[in-house]
Amino acid sequence: MRLYPSKEQQKNVEKSRALLYLNVYDLTPANNYLYWFGLGVFHSGIEVHGLEYGFGAHDFPSSGVFEVEPRSCPGFIFRRSILLGSTELSRSEVRSFMERLSNKYHGDSYHLIAKNCNHFSNEVCMHLTGKPIPGWVNRLARVGSFCNCLLPENIQVAAVRRLPDRQTCSDEGSDTDGSLTADSDDEADHHLITGANSDVAFLNEKPVRLAKDLL
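In short: position in the sequence shown from 1, add 69, done, that's my numbering.
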């Protein structure tokens with residue numbers, strides 16, 4: 070005999086699950102035209118438990134995974150949010166997963182074609198929901214080397230600048246249009262996800278809290 074959960078039990082299960090959203094941003098105004106052809110140059114992040122997680126580039130062999138307020142990633146233009154599914158993982162379990170994943174996604178390993186923010190979003194989505202992100206979000210990367218010929222140089226890297234040993238970023242290190250920098254107090258609320266022994270990160274001379282400090 071097979072027992073089915075009661076309506077109350079089903080409600081409790083639904084309450085324990087957190088919705089996952091893919092937040093998609095434009096990297097270029099040309100997306101207003103390319104989008105309707107199923108193309109575009111996009112940044113994406115995964116929103117879950119009231120935080121958005123993404124991956125960006127910097128010049129060091131340390132974490133390029135960061136968290137921001139949902140749908141407000143600095144340096145990009147928010148386009149749309151897509152419901153991906155849900156997860157039973159708690160907020161602390163998701164954070165622990167992101168910290169482990171940050172060991173794989175170092176800032177200096179970012180590559181527009183082979184390892185970009187959308188690859189990160191897809192891996193997170195596959196792990197938490199068992200499903201990939203929509204194919205159009207990262208379609209240009211799959212085109213391969215052809216993509217590099219089309220993209221302006223200033224949007225080929227979505228940079229999250231981080232210097233070790235509490236040094237500060239120079240103006241020369243953050244002059245690209247696609248860089249994720251903290252030019253205002255609002256944008257300073259942008260936290261890199263790192264391991265337990267990492268130092269404070271600095272974005273344009275402003276210290277930011279690491280994810281481990283928020284637990």
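Yeah, the Cβ is synthetic: ideal placement off N, Cα and C, and Gly gets one too.
Asked: Where HIS188 falls: helix, strand or coil (DSSP); Found: helix
Asked: Opening and closing residue of the beta strand (DSSP E) in which VAL134 lies; Found: 134 to 137
Asked: Validate contact between the stretch 192 to 203 and the stretch 157 to 176 using beta carbons, cut 8 Å, 3 pairs; Found: yes
Asked: Residues bridged to ILE151 [DSSP beta-bridge criterion]; Found: LEU91
Asked: Pick from LEU88, ALA126, SER131 that is closest to THR156, judged by C-alpha positions; Found: LEU88
Asked: Whether PHE135 touches ILE262 by CB criterion (8 Å); Found: yes
Asked: Nearest candidate by alpha-carbon position, reference VAL137, set PHE124, SER131, GLU162; Found: PHE124
Asked: Rounded separation between LYS200 and GLY133 - CA only; Found: 23 Å
Asked: According to DSSP, residues forming a beta bridge with TYR122; Found: ILE115, GLU136
Asked: Same chain, Cβ closer than 6 Å to PHE189, neighbours up to 5 away in sequence not counted; Found: PHE124, TYR174
Asked: ASN100 - containing alpha helix (DSSP H), residue span; Found: 100 to 103
Asked: Bounding residues of the alpha helix (DSSP H) (the contiguous stretch that carries LEU161); Found: One detail in the question is off: residue 161 reads as Ser in this sequence, not Leu. Counting along the chain, the alpha helix (DSSP H) containing SER161 begins and ends at 160 to 171.
Asked: Exposed unless 16 or more other CB atoms sit within 10 angstroms - verdict on PRO98; Found: exposed
Asked: Close-in-space but distant-in-sequence residues of the same chain around ARG208 (CB under 7 Å, 5 per side omitted); Found: GLY107, LEU108
Asked: Whole-angstrom distance between ILE115 and THR198, CA atom to CA atom; Found: 12 Å
Asked: Identity of the residues DSSP links to HIS196 by a beta bridge; Found: DSSP, once it has assigned bridges, lists no residue as partnering HIS196.
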